[in-house]
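In what follows, a single structure is set out as structure tokens and then discussed.
Residue numbers (UniProt numbering): 1 to 186.
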């Protein structure tokens, strides 16, 4: 299914007969927010401000390398993608497609990067790893839930980050780890 609104478009692939991503005319742009991640400013990506916008569908996304089917659930209690020694107490999601893409690219494993459209089965809260404790409000539109999150579709039309960007991101995370600043609020 493809939708067009002014100069924007998106593609949503329904899996197993599920799907129908609605869209909203409200377009939120967070390009003015400077978010520090991995020891460098995400503002370095200012040449592509769409990376900070809530997706037109309003959907919640989860990026991973896991091969999942519609109807399956992501549940807390598995090894964290960002700190392998840690068991994740939450499932993380975002309304910013690019954030989910980055999460998929950074995820452990050899599977292909996947961005799933998800529906939480319980309460959702702002992700304090990138909001509230570091920045006022939730400028990154990142959330988490300690309840299962159901896969309701897969987003297939997205742009990967460049290998150079991913390398800088990984290097920045490593600097934070070495300096003891890689805090995970989980």
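Here a beta-carbon is modelled for each residue, glycine too, at the ideal position from N, C-alpha and C.
Please state the DSSP three-state secondary structure of residue 98. helix
Any chance the stretch 158-173 sits against the stretch 65-80, with 3 or more Cβ pairs inside 8 Å? no
According to DSSP, is residue 27 helix, strand or coil? Legend: pLDDT at residue 27 = 26, less than 50; position of this residue unreliable, value from coordinates given subsequently. Residue 27 falls in the coil class under three-state DSSP.
Segments assigned beta strand (DSSP E), at least 3 residues, entirely inside the UniProt domain "Rifampin ADP-ribosyltransferase" (60-158): 60-64, 91-94, 114-120, 142-145, 149-155
Within this structure, are the beta carbons of residue 96 and residue 142 separated by less than 9 Å? yes
Taking all protein chains shown into account, decide if residue 154 is buried (16 or more other Cβ within 10 angstroms of its Cβ) or exposed. buried
Give me the residue from 62, 148, 176 with the minimum Cα distance to residue 107. 62
Alpha-carbon to alpha-carbon, residue 148 and residue 183: 24 Å
Would you call the CB atoms of residue 150 and residue 72 closer than 9 Å? yes
Count the other CB atoms within 10 Å of the CB of residue 129; is the residue buried (16 or more) or exposed (fewer)? buried
Pick from 173, 55, 163, 186: whose alpha carbon is nearest that of residue 125? 186
So what's residue 16 in DSSP terms, helix, strand or just coil? The predicted position of residue 16 is uncertain, since its pLDDT is 31 and thus under 50; no value can be drawn from it.
So is residue 64 buried or exposed if we call it buried at 16+ other beta carbons inside 10 Å? buried
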